[in-house]
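Undergrad:
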Amino acid sequence: ATATVETFDPNAIDPLCRYAILQAGTAHVLQTNMTASQLKKARNILTGGRQWVVASYQYYQYVVDMADGARCILQYDYSVPYADPALREVLPDFQTMYILLLILLEVIWLALCTHCTVKVLTGETRKLTKASAAIAAQRPEEIEVSGAKVREFAETLRAMQTMGSQLTASLQSQWKLEQQRAEQTAALAHDLKTPLAIITGNADLLAEDENLTEAQKAQIAAMQRAAEKADRYLQTLRTVNTAETSPQEPMQRVQVQEILTRCANDAKLLCKNKSIQFVLNNAMENARTIPAQRQALGRALDNILENAVRFTPAGGTITLDAVEEGQEIVFTVTDTGPGFSPEALQKAGRELFTTDAARGQHWGLGLAAARRTAQTHNGTLTVSNGENGGESGIES
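FYI, in the UniProt record's numbering the residues of the sequence shown are 1 to 396.
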């Protein structure tokens with residue numbers, strides 16, 4: 001829109017309006033209160049350019065032709081100004097400040113919500129951690145459910161409390177069963193000791209009779225062998241039961257050579273009685289020491305060696321070997337016996353395990369004790385069949 005006036009009085013213009021007087025026929029600015037940016041927009045619109053829209057409002061212009069040919073551009077916009085002129089000079093327009101303030105408030109609100117949420121979740125997570133520790137310590141009654149502020153966490157705590165109670169009850173029941181089994185085993189071993197001693201004594205007395213026939217001597221010898229075998233099983237059963245119920249031997253630094261030498265000396269005597277050759281491959285003469293239970297580890301190796309002697313035929317060979325693998329020691333016993341049956345390979349180390357296979361005709365108590373000793377030393381008991389017979393080992 002345009003109009004024509006004789007003169008221009010800047011004081012007659014509203015303070016919120018902006019103006020610019022351009023020289024006749026040129027774009028030279030004679031007088032203005034616009035900023036450089038506002039003046040650029042005014043010239044653009046004057047020459048047919050597009051209207052400028054900023055933050056949902058736009059600039060409007062009104063052109064007035066002066067009597068001397070100059071042109072006056074009046075510029076205004078629909079906005080909410082500050083009442084104080086000083087603020088209008090310092091701060092951005094109110095719409096921009098309003099949007100920035102809203103964004104700032106939203107950021108503050110989001111930060112506060114995040115902080116509160118993190119604080120709540122941290123507290124709830126801490127309760128879950130305490131609940132896990134209570135379950136591990138078998139004290140499910142220490143799990144607090146009432147103080148949970150989040151429903152899902154409360155449900156989880158209730159589930160953990162139930163699980164902990166059931167787990168504790170199960171462990172207590174299992175412990176009672178183990179105690180009962182240990183007591184029954186001890187009672188059985190004690191009850192069998194006397195009749196076995198009577199059988200052995202009577203068999204020995206009968207064997208002293210010089211008037212026995214060959215058939216009678218053979219029968220008495222069979223009785224003595226059976227009694228000796230039963231006594232050996234009974235001793236092994238006592239050893240296993242004692243290892244389960246007695247306090248554990250403390251760990252100490254033990255020389256591997258000492259254990260190997262003692263076990264080798266005992267094994268040589270056993271092998272000599274059956275005409276079996278015994279070989280100690282590595283006596284560990286480098287003074288290597290390991291943290292171990294001296295007596296328990298020695299008994300475990302003795303049990304494995306006795307098992308090998310029992311199933312190695314006369315003229316066979318038993319080998320004890322010790323190999324260093326990093327910080328670990330691997331004890332291996334190999335023999336030239338019939339080897340383990342497939343079932344024995346799967347169930348070796350279980351108590352009272354028997355099979356019909358030749359290798360499996362024993363109770364497995366010695367290997368069971370050896371397996372527990374290996375586990376106590378953070379190791380494993382392994383059994384396998386080599387090229388010439390069975391192979392058992394402890395990795396500790």
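Each residue gets a CB set at the ideal place from its N, CA and C atoms; glycine is no exception.
1. From the DSSP secondary-structure annotation, give me the bridge partner or partners of Glu249.
2. So what's Tyr82 in DSSP terms, helix, strand or just coil?
3. Under 7 Å Cβ to Cβ from Gly298, same chain only, skipping five residues before and after it: list those, please.
4. Suppose you measure from the CA of Asn273 to the CA of Thr194; what does that come to, to the nearest Å?
5. Assuming Phe311 is part of the alpha helix (DSSP H), what are its boundary residues?
6. According to DSSP, is Glu387 helix, strand or coil?
7. Quick check: the segment 128-139 against the segment 99-109, are there 3 or more CB pairs under 8 Å?
8. What does the alpha-carbon distance come out to for the pair Asp65 and Cys113?
9. According to DSSP, which residues form a beta bridge with Phe278?
10. Excluding the 5 residues preceding and the 5 following Val145 in the sequence, name in chain order all residues of the same chain whose CB lies nearer than 8 Å to its CB.
11. Quick one: grab the DSSP three-state call for Ile13.
12. Run through DSSP, which three-state label would Val145 get?
13. Can you give me the start and stop residues for the alpha helix (DSSP H) that Thr194 sits inside?
14. Per the DSSP calculation, Val254 is bridged to which residue(s)?
15. Is the separation between the beta-carbon of Ala70 and that of Ala24 shorter than 8 Å?
16. Note down the Cα distance separating Thr355 from Glu343, rounded to an integer number of angstroms.
17. Flag this pair as yes or no: are the beta carbons of Leu270 and Leu234 separated by less than 8 Å?
18. Can you say whether Leu87 is buried or exposed, counting buried as having 16 or more other CB atoms within 10 angstroms of its CB?
19. Relative to the alpha-carbon of Ile45, which residue among Ala67, Ala20, Leu30 and Asn33 has its alpha-carbon at the smallest distance?
20. Report the rounded CA-to-CA distance for Trp363 versus Ala230, giving the unit in angstroms.
21. For Gln75, list the residues DSSP reports as bridge partners.
22. Could you pull the start and end residues of the beta strand (DSSP E) that Leu112 belongs to?
23. Looking at Arg294: is its Cβ nearer than 8 Å to the Cβ of Gln327?
24. Leaving aside the five residues before and after Leu128 along the sequence, list all residues of the same chain whose C-beta is less than 8 Å from its C-beta, in chain order.
25. Let me know the secondary structure DSSP gives Thr376 once reduced to three states.
26. What's the C-alpha gap between Ala218 and Glu228?
27. If you measure between the beta carbons of Tyr98 and Gln75, is that distance less than 8 Å?
28. Is Ser37 near the ligand NAP, in the sense that its beta carbon is under 7 Å from a heavy atom of that ligand?
29. Cβ atoms of Leu171 and Gln138: under 8 Å apart, would you say?
30. Is it right to say Ala12 is buried, meaning 16 or more other beta carbons lie within 10 angstroms of its own, or is it exposed?
31. Which residues bound the alpha helix (DSSP H) around Leu30?
32. Give me the Cα-Cα distance between Phe340 and Asn211, rounded to the nearest whole angstrom.
33. CA-CA distance, Gly337 and Gly316?
TA: Checking against the coordinates, here is how it stands:
1. Answer is none; Glu249 lacks a bridge partner.
2. coil
3. Ile259, Arg262 and Cys263
4. 27 Å
5. Arg294 to Phe311
6. coil
7. Judged by Cβ distances under 8 Å, the segment 128-139 makes no contact with the segment 99-109, as fewer than three pairs qualify.
8. 59 Å
9. Ile318
10. Ala154, Leu157, Arg158 and Gln161
11. coil
12. coil
13. Arg151 to Ala207
14. Ile290
15. yes
16. With a pLDDT of 48 at Thr355, under the threshold of 50, the modelled position of this residue cannot be trusted; read the value that follows with caution. Roughly 8 Å between the two C-alpha positions.
17. no
18. exposed
19. Ala20
20. Because Trp363 carries a pLDDT of 48, less than 50, the predicted location of this residue cannot be relied on, and the following value inherits that uncertainty. One C-alpha to the other measures close to 11 Å.
21. Arg18 and Gln61
22. Following the DSSP letters along the chain, one finds Leu112 in no beta strand (DSSP E) but inside the alpha helix (DSSP H) bounded by residues Phe94 to Ala136.
23. no
24. Phe153, Thr156, Leu157 and Met160
25. helix
26. 15 Å
27. no
28. The ligand NAP is not part of the structure shown, which contains no ligands of any sort.
29. yes
30. exposed
31. Note, Leu30: premise wrong, no alpha helix (DSSP H); beta strand (DSSP E) at Val29 to Thr32.
32. 43 Å
33. 7 Å
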